[in-house]
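In the working numbering, the protein residues as written are 11 to 121.
Heads up, the beta-carbon is just placed ideally off N, CA and C, and yes, glycines get one too.
Down below is the structure, laid out as structure tokens.
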């Protein structure tokens, strides 16, 4: 089974609502979450710029999170994602579904 197929199957078995609900709960709190997940960063407009905590990053700015959309990228490595769950999964080394579940617990989202 391909990863895409497995992801679709997982979403259909658990319901897409967990992803939507968790991302919706995380977006308004994203700046605070980013300050916890990637401390020492700065906010410039709608972006949070920080050192990437998953690598030996020495330059603030190559790792960036859009606080309005949740999209994020590390321009030095090419790693990127489209929402808070993807960011949480990346930073914590988790699969998307596991990240959604853990973040739901942290945010108090019923799933």
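| With C-beta atoms as the reference, is residue 40 less than 8 Å away from residue 101? | Sequence index remark: in the chain shown, residue 40 carries index 30 (1-based). Sequence index remark: in the chain shown, residue 101 carries index 91 (1-based). Their beta carbons are not under 8 Å apart, which means residue 40 does not touch residue 101 by this criterion.
| request: Can you check DSSP and say which residues form a bridge with residue 57? | output: Position 47 of the chain shown holds residue 57. Note: residue 57 sits in a beta bridge opposite 54 and 76.
| Taking the alpha-carbon positions, what's the residue 34 to residue 42 distance? | Along the chain shown, read from residue 1 onward, the residue named residue 34 stands at position 24. Along the chain shown, read from residue 1 onward, the residue named residue 42 stands at position 32. Distance between the alpha carbons of residue 34 and residue 42 is about 15 Å.
| said: Pull the bridge partners of residue 82 from the DSSP assignment, please. | reply: Sequence index remark: in the chain shown, residue 82 carries index 72 (1-based). DSSP output for residue 82 lists 75 and 91 as bridge partner(s).
| message | For a quick check, are the C-beta atoms of residue 97 and residue 75 less than 8 Å apart? | response | Here residue 97 refers to the residue found at position 87 when the chain shown is read from its first residue. Here residue 75 refers to the residue found at position 65 when the chain shown is read from its first residue. Yes.
| Whether residue 37 touches residue 80 by CB criterion (8 Å) | Counting from 1 along the chain shown, the entry for residue 37 is found at position 27. Counting from 1 along the chain shown, the entry for residue 80 is found at position 70. Yes; because the gap between Cβ atoms is below 8 Å, this pair is in contact.
| field | Contact under 8 Å by Cβ, residue 73 with residue 66 | value | Locating residue 73 in the chain shown gives position 63, counting from the first residue. Locating residue 66 in the chain shown gives position 56, counting from the first residue. Their beta carbons are not under 8 Å apart, which means residue 73 does not touch residue 66 by this criterion.
| When we look at the beta-carbon of residue 52 and count the other beta-carbons within 10 Å, is it buried (16 or more) or exposed? | For this step, residue 52 is matched to residue 42 along the chain shown. Within 10 angstroms of the beta-carbon of residue 52 lie fewer than 16 other beta-carbons, which makes it exposed.
| query | How long is the line joining the alpha carbons of residue 28 and residue 70, rounded to whole angstroms? | reply | Sequence index remark: in the chain shown, residue 28 carries index 18 (1-based). Sequence index remark: in the chain shown, residue 70 carries index 60 (1-based). So the alpha carbons of these two residues sit roughly 32 Å apart.
| query | Would residue 109 pass as a contact of residue 95 if the rule is Cβ separation under 8 Å? | reply | The sequence position of residue 109 within the chain shown is 99, counting from 1. The sequence position of residue 95 within the chain shown is 85, counting from 1. Contact flag set, yes.
| query | Could you give the distance in angstroms between the alpha-carbon of residue 118 and the alpha-carbon of residue 86? | reply | By one-based count along the chain shown, residue 118 stands at place 108. By one-based count along the chain shown, residue 86 stands at place 76. Taking the straight line joining both Cα atoms gives about 34 Å.
| request: Could you check the C-alpha separation between residue 16 and residue 99 for me, to the nearest Å? | output: In the chain shown, the residue the question calls residue 16 occupies position 6. In the chain shown, the residue the question calls residue 99 occupies position 89. Residue placement at residue 16 is poorly supported in this model, since its pLDDT is 43, which falls under 50; the coordinates are not used for a value here.
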